[in-house]
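J.:
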Amino acid sequence: MKRRNFISLIGTTLAASPVLAQLYNETGSIPMAGQYEFPKLPYAYNALEPYIDAQTMELHYSKHHQGYYTKFIDAIKGTPEANLTIDELFAKTSTLNSAVRNNGGGFYNHLLFWENMGGPAKTAPSAELKNAIERDFGTFEKFKESFANAAKTQFGSGWAWLTADNNGKLFVSSTPNQDNPLMDVVAKRGTPLLTLDVWEHAYYLHYQNRRPEYVDNFWNIVNWDKVSERFRSVK
Ligand code: MN3
Numbered sequence: 033m034k035r036r037n038f039i040s041l042i043g044t045t046l047a048a049s050p051v052l053a054q055l056y057n058e059t060g061s062i063p064m065a066g067q068y069e070f071p072k073l074p075y076a077y078n079a080l081e082p083y084i085d086a087q088t089m090e091l092h093y094s095k096h097h098q099g100y101y102t103k104f105i106d107a108i109k110g111t112p113e114a115n116l117t118i119d120e121l122f123a124k125t126s127t128l129n130s131a132v133r134n135n136g137g138g139f140y141n142h143l144l145f146w147e148n149m150g151g152p153a154k155t156a157p158s159a160e161l162k163n164a165i166e167r168d169f170g171t172f173e174k175f176k177e178s179f180a181n182a183a184k185t186q187f188g189s190g191w192a193w194l195t196a197d198n199n200g201k202l203f204v205s206s207t208p209n210q211d212n213p214l215m216d217v218v219a220k221r222g223t224p225l226l227t228l229d230v231w232e233h234a235y236y237l238h239y240q241n242r243r244p245e246y247v248d249n250f251w252n253i254v255n256w257d258k259v260s261e262r263f264r265s266v267k
C-alpha cells in the first residue's frame with residue numbers, strides 16, 4: 033500500500049507511528065515496543081449513515097475500540113511481546129494470555145474494520161482483486177453470498193473475513209470473539225483483506241436483533257479502494 037494514501041486517510045497522528053503504518057503495510061519488520069497509538073477514525077461518526085448510525089459509531093469507536101486499545105497496551109507493557117510486530121504477536125496467539133489475545137485482537141480488528149468502510153463515493157474492487165474473487169469463488173455474487181453467510185451464521189460475537197492465504201488464494205471465514213486470520217489458533221490462516229464486525233455492539237442500537245439486515249447493508253459502505261490496496265500489498 034502506498035504510504036501517501038495511508039497518510040491522507042488516517043492522518044498524521046497514526047502515520048507518525050511506524051508500527052501502525054506496518055499494520056496496514058504488512059511489509060518490513062518493525063518492533064512495536066509500546067509505539068502503538070490509538071488511531072483517529074478516518075471519517076465522521078455520521079459518515080456511514082443510514083447504514084450505520086452515528087451513535088453506534090461513536091460508542092463503538094470511542095468506548096469499545098478505545099477500551100480494547102487501552103487494555104492491550106496495559107497487557108503487553110513491559111513484556112517480551114511488546115517487541116514483536118503484530119504479525120509475530122498473533123502468530124503465537126496460542127501462547128498468549130487471554131488479555132493480550134482478546135484486547136490485541138480487538139485493537140487490530142477494528143482498525144481494519146474502520147478502514148474497509150467509508151470513502152468519498154461508491155467504490156468497486158480493482159480488476160486484479162475482482163479477477164481473484166472470480167477465480168476463487170466463481171462469481172462476485174457468490175463471494176458476497178459466502179461472506180454474508182459467514183457473517184450471519186457466526187454464533188454469538190465475532191467477525192467475518194475475506195482473507196488471502198500464503199499462496200494468494202482467497203477464502204471466507206468467521207472467527208469468534210476477537211480472533212482473526214493472523215492468529216495461530218484459527219483453522220485457516222492468512223492476511224485479512226475485508227472484515228465485518230458482527231458483535232451486537234456493532235449493530236444493536238439501529239438493527240436490534242436483525243443481524244442479516246445489517247450484513248446486507250454492509251455492501252453499501254465497503255471501501256473497495258482500501259480492500260484492493262490491501263490485496264496489492266500481500267501479493
Ligand atoms: Mn466491535
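The numbering used here puts the first residue of the sequence shown at 33, with every later residue one more than the last. Quick reminder that beta carbons are idealized off the backbone N, C-alpha and C, glycines included. All values derive from a computational prediction rather than experimental measurement.
Comparing the CB of W146 with every heavy atom of ligand 1, is any distance shorter than 7 Å?
T.: Result no, Cβ not under 7 Å from ligand 1.
J.: Between the Cα of G200 and those of R264, N241, Y93, N134, spot the shortest distance and give me the residue it belongs to.
T.: Of the candidates R264, N241, Y93, N134, the one whose C-alpha sits nearest the C-alpha of G200 is R264.
J.: Would you mind listing the alpha helix (DSSP H) stretches within the stretch 79 to 165 that are 4+ residues and don't spill past its ends, in chain order?
T.: Annotation note: the stretch 79 to 165 contains the following uninterrupted alpha helix (DSSP H) runs of length 4 or greater, listed N- to C-terminal: 86 to 91, 98 to 108, 118 to 123, 130 to 147.
J.: Using the rule of at least 16 other Cβ atoms within 10 Å of the residue's Cβ for burial, across every protein chain shown, is G99 buried or exposed?
T.: exposed
J.: Given a cut-off of 8 Å on the beta-carbon distance, is the pair A196 and V254 in contact?
T.: no
J.: State yes or no: is the C-beta of N135 within less than 8 Å of the C-beta of A107?
T.: yes
J.: Could you check if V259 is buried or exposed, using at least 16 other CB atoms within 10 Å of its CB as the buried criterion?
T.: Buried: at least 16 other Cβ atoms inside 10 Å.
J.: With 8 Å as the threshold, decide whether the Cβ of T171 is near any Cβ in chain D.
T.: Included in the structure is just one protein chain, with no chain D present.
J.: Please name the residue or residues paired with F175 in a DSSP beta bridge.
T.: DSSP lists no partner for F175.
J.: Which residues neighbour ligand 1 when neighbourhood means a C-beta less than 6 Å away from any of its non-hydrogen atoms? List them by chain order.
T.: Listed by position in the chain, the residues whose beta carbon lies within less than 6 Å of some heavy atom of ligand 1 are H92, H96, H142, D229, W231, H233, A234.
J.: Count the C-beta pairs between the stretch 137 to 148 and the stretch 157 to 175 that are closer than 8 Å, then say yes if the count reaches three, no if not.
T.: no
J.: How should W251 be labelled, buried or exposed, when 16 other C-beta atoms within 10 angstroms of its C-beta is the threshold for buried?
T.: It is exposed - the Cβ of W251 has fewer than 16 other Cβ atoms within 10 Å.
J.: Ends of the alpha helix (DSSP H) at V254?
T.: No alpha helix (DSSP H) holds V254; DSSP gives it neither H nor E.
J.: Using the Cα positions of K220 and N249, report the straight-line distance between them to the nearest angstrom.
T.: When the Cα atoms are used, K220 and N249 turn out to be separated by approximately 27 Å.
J.: Assuming contact is defined by CB atoms lying nearer than 8 Å, are W256 and T227 in contact in what I supplied?
T.: No. Outside cutoff.
J.: Can the beta-carbon of W231 be found less than 8 Å from the beta-carbon of P213?
T.: Contact flag unset, no.
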